[in-house]
Structures are given as structure tokens and as C-alpha cells.
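Protein chains in written order, with the numbering used here: chain A, 1 to 147; chain B, 1001 to 1147; chain C, 2001 to 2147; chain D, 3001 to 3147.
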């Protein structure tokens, strides 16, 4: 589903940005941020993006809809280190009636450190796939057409 | 509730042991295991202990009972490092009708690296405290009287 | 070393506060924040406190000094949930030439959810204990005398 | 670098398997394993694989070589749940002089739950890329030619 060639290293290609300060707990014995710690950064940025566009994830959840992760892919270009402020840039890039994708660029002081993509579906309280809310489909479709 | 003086550095004072291999993901930029990573080790040992005595936690959960953590306290004596095999020794040490405590000793190659205590209550599916199952009360009471 | 009775549920007894937004990644299958996730919250607040008083931890580390954790103890009073903004209140409460302690109170919307204490020592690049920097000793001593 | 079409859902296409028991700490408020928790499972399996073929990662590290992660990609097919025993099947699938890739299949009771790929480079103590050890290049090349 994901088409990696779409990923851009230019922050101007993304519609939202969110800063994350690297915790010491997220580093590893190589002295850099462990590769698994990036996924919660992406998730935190997604959650803040949904809040910013008026659809907080906690409201979705209260209404019985969860956003499941179908796929996650991360490229690590330059290491993140303790106390770095990583800016997570994101853009929804594709959607069907049941799934959508978001692209991410992580920068520190304007330098690209990582890019990533996640694919998602909406699920109900029993974990069954459901159609996306209309606003979510349109959001991604609109974004895609911009590109 | 916890009485730290009870904690022993002698593995013979514990009734169950479980080995955990340190993951690279659990280390930090000091080159040792991050202090927060110990709590999942204790939890994993608790879960294996409950399985060993015939009361698997997944059965408790399937019956609508969860074991909440009321308190956790860890002393770090010697660092754990990547690839170490840490042996978690544990013993239930106290119980009331609604709560119980477990003591832990972590060793690597027989050398004490950490001791810890956790206090717990049982809760129902809405998170409300419930009485402990009889076997759990008796288990801890018995263990306490041994000491 | 830690004296639990000192812990206060009154935010006025703490000298610094730092907000942390709960990540979805930090919740568990009980629907609340996993107990191990609190320790990185405390750590993040410590790091911000050191920055606020002009002694950023990254500078300490660059100078070859690390702050090791000797002990951590957390009481869980009320669960934290996804998307909660937890305010971590902290105060240094004791110090010797080689170790110091910090007390914490976590609140959500002004309601106490947890209190905690951590004890620390400074170590050099080989992990050996060193004397505390003077500012750190004085900081804690001063705070203690206030109480 | 990664070519996803190579990934197989047939355990027979993998050369090594390692079991991981899901920890409660790894679940999230959806009641399933959080997507970020899979990466440490893959890492644990890699480490056990290197040990099994006589090249323990701790020896590599002691000799000044680290294995950095260049890319990680995971597809989530079926959720993992608390206490599941996930079998991580892996196979090295490609190598150049400076990088290599590993494919993974996760199964629970023989049912495919996830597949994944990670790409790696060897780095020295300053984080600089170095040539792969010969055994590592040959290992992956051999495996590739099998496919």
C-alpha cells in the first residue's frame, strides 16, 4: 500500500509539525535514541494533529472508534540524541474508505533525521474494521491531490 | 504499607525464580539498563509465578479481575547490562483482604543487583477494588508466617 | 535513605512543575497508564528542572558526569489515562556529599494521582560515584531546610 | 533497499526461530500489543540468532562494532495479546559490503500475525559506518542465493 518514493525531505511538503523533546529513557547503549522509540513520537504527532484539526483522538475513542496501525515503516538517516528537540512534520497522503496513510519527516535544527510512513484503519470496540469517518477520508484525499 | 527492612539479599528467602535476558532496547545512554525497565521484569516474573502456582493471570483477567499496582519501589545496587541474564527471585510477603505485597531480588551470576517490592490490589472491570481471591490471600499469609 | 512520611499531597510544597501529556503508547490493556511509564515522566521533569535552574543535564553529561538512579519508589493513587495532562511537581528534599533525593507529586486537573521519590548519585564516565557538584548539594540542603 | 514482495508467510522460508512471551507492559488501551513493541521482539530474535550462529552481539560490541538500524518496516496482520507466545521467524535476505537486511515472520500458534524487515549497517564506536564482517556478508549472500 505504501509508496515510499512519495516521501519528501522538504518540510514544506508537510501540513503539520509537532516538537518532541528526546527523553533519556529513549536512548540506548549506542548513545542514541533507540529505533523503537520513534514510533511513539509519530503517534504523539498524529494525536496532536487530530486535535489541531478539531477531531481529538480521545473523542473518537469515546465514540467507540479506534485507529489501528496496519503498517509502520521508518528510515533512520541521522541519529537522535538525548535532549534533542525533534520536529515531527506530517501529512496525510492517501485514503480509501477503510484505510489511510500518513507520511512523516523528523528534523532536528532543520536537518532531516528520519522519514516514516504509517498506514491505519478504523476499528470498532471489538477490533473490527469500520469505514473511515468522512472527514478523515476527505482530509487525506485532499492532501493527496495537493501533491 | 511496605516495610523495607524485610527485604533480603539471600535468594533462599524467595520462593520462585524467573530468568530475564536483558534486551538492547532496555539499555540507555549510560550503557546500562534504564531504571524504568526493571518494572516490566518484575511484572514478567509475577506473571510466571502465578502461572507456576496454577493461577495464570490471563485466566484471572478472563474472569474479569485485574491486578492493579498500588506501589512499586526499586533499589538499584549494581547495574544490569545488555545481554545479562537477570534472575528475578520473588516471594509474596503480606496480604490483607484487599491487597498483597511481593518482594523481589534480582541477581546476575549470583550477585545481587537490585531488590524491589510491589504492592497490589485486585480490581474489577470498572477498576473498582475487590476482595482478593482466597488462594491469593492464603498464599501471601502463608509466606509471611514463614518469615 | 528515603523517608516516605515527608511526601506531601499539597502542590505548594513543591518548587517546580512540568506538564506531560500521556501517550497512547504508555497505556496498557487495563486502559490506564502502565505503572512503569511513570518513571520516564519523573525523569523528564527532573531534566526540565535542571535546565530551569541553569544546570542542564546535557551539560553535566558533556562534562563527564551522569546522574545515576539509586532508588525509585512510586505510589499510584488514581490512574492516569490516555491524553491526560499530568503535572509533575517536584522538590529536592535531601542531600549528602554523594547523593540526593527528589520528591514528586503528580496531579491531573489539580487532583493528586501519584507521589514518588527518587534517590540519585553522581557517577563519572566509568560509572564510579563522585561527589555532587556544590550547586546540587546546596540546592537540596536549602530545600530541606525550608520544610 | 527493501523489496517487500520478498516477504513470505511460510515459516519454512526462514532459517531461525525464537519465541517471545508478550508482557503486560507491552499492551495498550486497545487491549493488544502496541505497535512499537514489535521492534524489540525483532531485535531480541536478531540477538539470539547471532548467538546461535556463533557470533554473539555482545562480542561484536566488545570488539567496537555496533549494528545500527537503517530501516525498519512492520506489517500488522493480526493483533498480539497479553501472554501470547509469539514465534519470531527470521532470515537474512540481502547484503552489500556495508549493509544487510533481515526478514521476519511473527506467528502465534502457527498463524501469521506480522511480517517485518529491518536493514542494518555496522558502525564503529564513533558511529561511523564500517565494512561488514566477512561472516555477516557471506551469511546474507548465501541466504539470498537460496531464495
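Quick reminder that beta carbons are idealized off the backbone N, C-alpha and C, glycines included.
query                                                                                                                                                                            : result
Can you name the start and end residues of the alpha helix (DSSP H) that residue 40/A belongs to?                                                                                : 38-52
Excluding the five sequence neighbours on either side, which residues of its own chain have a C-beta within less than 8 Å of the C-beta of residue 106/A, listed in chain order? : 38, 41, 80, 86, 87, 88, 89, 112, 113, 114, 115 and 116
Give me the residue from 135/A, 28/A and 99/A with the minimum Cα distance to residue 122/A.                                                                                     : 99/A
Express the C-alpha separation of residue 125/A and residue 2068/C in angstroms, rounding to a whole number.                                                                     : 43 Å
I'd like the span of the alpha helix (DSSP H) that includes residue 2063/C, first residue to last.                                                                               : Per DSSP, residue 2063/C belongs to no alpha helix (DSSP H) and is neither H nor E.
Mind checking whether residue 18/A and residue 1025/B have CB atoms under 7 Å apart?                                                                                             : no
The ligand MG and residue 123/A: does any heavy atom of the ligand fall closer than 6 Å to the residue's C-beta?                                                                 : This structure lacks the ligand MG; in fact it carries no ligand of any kind.
Applying the 10 Å Cβ sphere with the 16-neighbour rule, what's the burial state of residue 160/A?                                                                                : No statement about residue 160/A is possible, as the shown extent of chain A runs from 1 to 147 and does not include it.
Please state if the CB of residue 1029/B and the CB of residue 31/A are separated by a distance shorter than 7 Å.                                                                : yes
Within its chain, find whatever has a CB closer than 6 Å to the CB of residue 3066/D; leave out the 5 residues flanking it on each side and keep chain order.                    : 3123
Determine the DSSP secondary structure at residue 1120/B, reduced to helix, strand or coil.                                                                                      : strand
Going by CA-CA distance only, name the one from 1134/B, 1095/B and 1076/B that's closest to residue 1119/B.                                                                      : 1095/B
Between residue 1071/B and residue 3023/D, which are expected to be in contact by the criterion C-beta below 8 Å, what is the C-beta distance as a whole number of angstroms?    : Rounded, the Cβ-Cβ distance is 20 Å, inconsistent with contact.
Quick one: what's got a C-beta closer than 6 Å to residue 1129/B's C-beta in the same chain, skipping five residues either side?                                                 : 1098, 1121 and 1123
Chain C beta carbons: is any one of them nearer than 7 Å to that of residue 3028/D?                                                                                              : yes
If you measure beta-carbon to beta-carbon, which residues of the segment 3033-3044 of chain D are closer than 7 Å to chain A?                                                    : 3035, 3036, 3039 and 3040
Count the other CB atoms within 10 Å of the CB of residue 9/A; is the residue buried (16 or more) or exposed (fewer)?                                                            : exposed
With 7 Å set as the bound, which would you pick, yes or no: does the beta-carbon of residue 25/A sit closer than that to a beta-carbon of chain B?                               : yes
Looking only at its own chain, which residues have a Cβ that is under 6 Å from the Cβ of residue 3016/D, when we skip the five neighbours before and after it?                   : 3049 and 3090
Taking residue 46/A and residue 102/A to be in contact with their CB atoms under 8 Å, please state how far apart those CB atoms are, rounded to whole angstroms.                 : 6 Å
Let me know the secondary structure DSSP gives residue 2082/C once reduced to three states.                                                                                      : coil
Going by DSSP, which residues form a beta bridge with residue 2112/C?                                                                                                            : 2107/C
Quick check on residue 140/A: buried or exposed, where buried means 16 or more other Cβ atoms within 10 Å of its Cβ?                                                             : buried
So with CB distances below 7 Å, who are the chain D contacts of residue 2031/C?                                                                                                  : 3029
What's the C-alpha gap between residue 74/A and residue 93/A?                                                                                                                    : 16 Å
With which residues is residue 3095/D paired in a DSSP beta bridge?                                                                                                              : 3100/D
Any residues in the segment 2063-2076 of chain C with a beta carbon nearer than 8 Å to a beta carbon of chain B? Which ones, in chain order?                                     : 2066, 2068, 2069, 2070, 2071, 2072, 2073, 2074, 2075 and 2076
State the DSSP-derived secondary structure class of residue 148/A, mapped to helix, strand or coil.                                                                              : With chain A represented from 1 up to 147, any question about residue 148/A goes unanswered, as that position is not in the structure.
Based on Cα-Cα distance, which residue from 2059/C, 2104/C and 2064/C lies nearest to residue 83/A?                                                                              : 2059/C
Judging by CA-CA distance, which residue of 3056/D, 3108/D, 3062/D and 3055/D is the nearest neighbour of residue 3076/D?                                                        : 3108/D
Skipping 5 residues on each side, what residues in its chain have a beta carbon closer than 7 Å to that of residue 3005/D?                                                       : Bear in mind that the predicted position of residue 3005/D carries a pLDDT of just 45, short of 50, making it unreliable; the figure below should be weighed with that in mind. Taken in chain order, the list of residues that qualify is empty.
What is the rounded straight-line gap between the Cα of residue 1012/B and the Cα of residue 1055/B?                                                                             : 23 Å
What residues in the segment 79-105 of chain A bring their beta carbon closer than 7 Å to a beta carbon of chain B?                                                              : 82
In terms of residue numbering, what span does the beta strand (DSSP E) encompassing residue 969/B cover?                                                                         : With chain B represented from 1001 up to 1147, any question about residue 969/B goes unanswered, as that position is not in the structure.
Identify the contact partners of residue 110/A in chain D, using a Cβ-Cβ distance below 9 Å as the criterion.                                                                    : Here the premise fails: no neighbours, minimum Cβ distance about 21 Å.
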